[in-house]
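Asker: Have a look at this one.
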Amino acid sequence: MNGRILISGTAIVCAAALLSGQGRGVESYRGPVDRIIADATSEAAAQSAWRRVAELTDRFPARLSGSTNLENAIRWSEAEMRRDGLDNVRVDPVTVPHWVRGAESAALVLPHPQALAMAGLGGSVGTAPAGLEAEAIVVGSFEELRARAASAKGRVVVFNVPFRTDRSPITSYVDAVQYRVNGASEAASLGAVASLVRSIGPGAHRTPHTGSVRYSGDAPRIPAAAISAEDTDLLQRTQDRGEKLVIRLSMGAQTLPDAQSGNVVAEIRGRERPDEVVLVSGHLDSWDLGPGAMDDAGGCIAAWEALRVLKKLALVPRRTIRVVLFTNEENGTRGGNAYRDKYADQLDRHVLMLESDNGVLPLQGWGFHGSDGARRVIGEIAGLMTAIGGTRVSTDFSGADIEPSVERGVPGISPDVDMSRYFVIHHTAADTADKITPADLGKLIAGIASMAYVTADLPEPLPR
Ligand SMILES: [Zn+2]
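Here is the structure:
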């Protein structure tokens, strides 16, 4: 390295420090951040946190809104947080939708009878008790469906949109998921009697992936389900050979009256400005097919353990750090909306909101939504995390439960993790605790604890 580069490099650092006004301030947190990382990533701490993910998912699997398991998970979390000695532990009441799957099955009747691996979509109506049987057509897009509108009437429409693996998983998800969300109403508007969608994820082990369907107001509500990628390929090949497809579908799904639930909240109360809040979160609800470990028990435990690490290290920041385990992310976002409404008059004192809902996977950095000034500070904090790989800052922010508040002006942040394995098990029975490694969990906890501690302790709040 030559002197000239060194000098210009120094100048850039100083300029950034002047612009953010916090440059030297952030650097002074290197000591606490190193301590947080050393503690959270230690074998003992990472194993302990992982056991909590396992206990939550083993004891309370299938935590869908309205279920007893979700409510028991809420009570358990509340009691455990009290035992951890966190401050102001409470459950903020939220009314949530209550959809139940019931018994369900799908089968190819003609030309080659066999069962199809299926999962009804959350919010779907059921079939008549006797089920339905109809000819099916397979289409690869909404455009193809409209081009074949005449052959959709009275049929089962099968949307075959493969999940691309040659680019960012989130981009592939967004592209394909519109067929799960809107496919039923698009098909129903052309007279279809049911809608099947290829599972949104790279195919693996013939596993169907559930998720929400959304009915538009101007089309009949028809039963909607996902079928495995492998079964969708089977139907496509059969159609391509010119053979007529007949499918039988039976679904006992129904929507019951709304149920009572709640967001679990706990805090480390700030030592100087307790009314100013840095929030860290995940969502405690899951789909009903499995234990929802990656989505999102792991995110909940990561956010929660971040407070436990800080408490253990006696790091009490200037501002309050609040953990929220949201209810009903999966099929309603009622928890996130309720938080925004309940704390509406306090959102201007929320310095930063973080949600971990991208899986417990190798940390790469952060997705941030906020002002350029705040982004520079976040970049400086991320720069302290080379040991855990959390240094990059992008604009790819996500967090369904905090977005309602972020839309009101609160800076938002989400862990940026390597999601290449995420959608293989997303919303399936295979989303189990063994898919999470203690090492990845420890790093995620360290990253969240560091980000929360520094933003909660800096002399000035993040600029809006
Ligand atoms: Zn989730």
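Number 406 in this note's numbering belongs to position 406 of the sequence shown; there are no gaps in the numbering. Note that the Cβ used here is the ideal one computed from N, Cα and C, for glycine as well. All values reported here derive from a predicted model rather than from experimental measurement.
1. Could you pull the DSSP bridge partners for L469 from this structure?
2. For D231, which beta-bridge partners are listed by DSSP?
3. Tell whether a beta-carbon distance below 8 Å holds between T432 and P291.
4. Starting from I402, trace the beta strand (DSSP E) both ways and give me its first and last residue.
5. Taking only three categories from DSSP, how would you classify W99?
6. Please tell me whether, using a cut-off of 7 Å, the distance from the CB of E329 to the nearest non-hydrogen atom of ligand 1 is below it.
7. Using a threshold of 7 Å, is the CB atom of D440 nearer than that to any non-hydrogen atom of ligand 1?
8. Pull up the distance between the alpha-carbon of G365 and that of T391, whole angstroms please.
9. Say yes only if the C-beta of H209 is nearer than 7 Å to one or more non-hydrogen atoms of ligand 1, and no if none qualify.
10. For T455 and I200, I'd like the C-alpha separation in whole angstroms.
11. Suppose the cutoff is 7 Å on Cβ atoms and the five residues either side in sequence are ignored; what does the same chain contact list for P459 look like?
12. Output yes or no for whether 8 Å exceeds the beta carbon distance between S212 and G122.
13. Counting C-beta neighbours from all protein chains within 10 Å, is the total for P129 16 or more, i.e. buried, or is it exposed?
14. Identify whether A224 lies in helix, strand or coil by the three-state DSSP scheme.
15. Can you list every residue whose CB sits closer than 5 Å to some heavy atom of ligand 1, going in chain order?
16. Between the stretch 277 to 295 and the stretch 320 to 336, can you find at least three pairs of beta-carbon atoms closer than 8 Å?
17. Distance check for F326 and D258, CA to CA, integer angstroms please.
18. Could you name the residues of the same chain whose beta carbon sits closer than 7 Å to that of G21, not counting the 5 residues immediately before and after it, in chain order?
19. Less than 8 Å separating the beta-carbons of L363 and G379?
20. Below 8 Å CB to CB, which residues in the same chain sit around D357 once its five sequence neighbours on both sides are set aside?
21. For R59, does the count of other Cβ atoms within 10 angstroms reach 16, so buried, or fall short, so exposed?
Answerer: For this structure:
1. It is not possible to answer for residue 469, since the shown part of the chain is limited to 1 through 464.
2. The sequence position of residue 231 within the sequence shown is 231, counting from 1. Bridge partners of D231 according to DSSP: none are assigned.
3. As a working note, residue 432 is residue 432 in the sequence shown. As a working note, residue 291 is residue 291 in the sequence shown. Yes, these two residues count as a Cβ contact at 8 Å.
4. Here residue 402 is taken as the residue at index 402 of the sequence shown, counted from 1. Element bounds for I402: n/a, residue is neither H nor E.
5. Position 99 of the sequence shown holds residue 99. Looking at W99 - three-state DSSP - the assignment turns out to be strand.
6. Taking the first residue of the sequence shown as position 1, residue 329 is located at position 329. Yes, ligand 1 has a heavy atom inside 7 Å of this Cβ.
7. Along the sequence shown, one-based indexing puts residue 440 at 440. Distances from the CB of D440 to the heavy atoms of ligand 1 are all 7 Å or more.
8. Against the sequence shown, residue 365 aligns to sequence position 365. Against the sequence shown, residue 391 aligns to sequence position 391. Cα to Cα, the separation comes out at about 5 Å.
9. Here the question's residue 209 lines up with position 209 in the sequence shown. Because no heavy atom of ligand 1 lies under 7 Å away, the Cβ of H209 does not count as near it: no.
10. Against the sequence shown, residue 455 aligns to sequence position 455. Against the sequence shown, residue 200 aligns to sequence position 200. Computed Cα separation, rounded: 36 Å.
11. The count along the sequence shown starts at 1 and reaches residue 459 at position 459. These residues qualify, in order along the chain: G25.
12. Against the sequence shown, residue 212 aligns to sequence position 212. Against the sequence shown, residue 122 aligns to sequence position 122. Closer than 8 Å, so yes.
13. Along the sequence shown, read from residue 1 onward, the residue named residue 129 stands at position 129. Taking all protein chains in view, the Cβ of P129 is surrounded by fewer than 16 other Cβ atoms within 10 Å, so the residue is classified as exposed.
14. Numbered from its first residue, the sequence shown carries residue 224 at position 224. It is a strand residue.
15. Any residue whose Cβ sits closer than 5 Å to a heavy atom of ligand 1 makes the list: D295, D296, D357.
16. Yes, since at least three Cβ pairs between the stretch 320 to 336 and the stretch 277 to 295 fall closer than 8 Å, the two stretches touch.
17. What you label residue 258 is simply residue 258 of the sequence shown in a count that begins at 1. What you label residue 326 is simply residue 326 of the sequence shown in a count that begins at 1. Looking at the two C-alpha atoms, the distance is approximately 17 Å.
18. The residue given as residue 21 occupies position 21 in the sequence shown. In this predicted model, G21 has a pLDDT of only 49, less than 50, meaning its place in the structure is not dependable; the value taken from the coordinates is given anyway. Cβ within range, chain order: E460.
19. For this step, residue 363 is matched to residue 363 along the sequence shown. For this step, residue 379 is matched to residue 379 along the sequence shown. In terms of Cβ geometry, L363 and G379 do not form a close pair [threshold 8 Å].
20. Position 357 of the sequence shown, counted from the first residue, corresponds to residue 357. Once the five neighbours on either side are set aside, the close Cβ partners of D357 are G282, H283, D295, D296, G299, E329, S398, G399, A400, D401, S414.
21. In the sequence shown, residue 59 corresponds to position 59, counting from 1. Taking a 10 Å sphere around the C-beta of R59, we find fewer than 16 other C-beta atoms and assign the residue as exposed.
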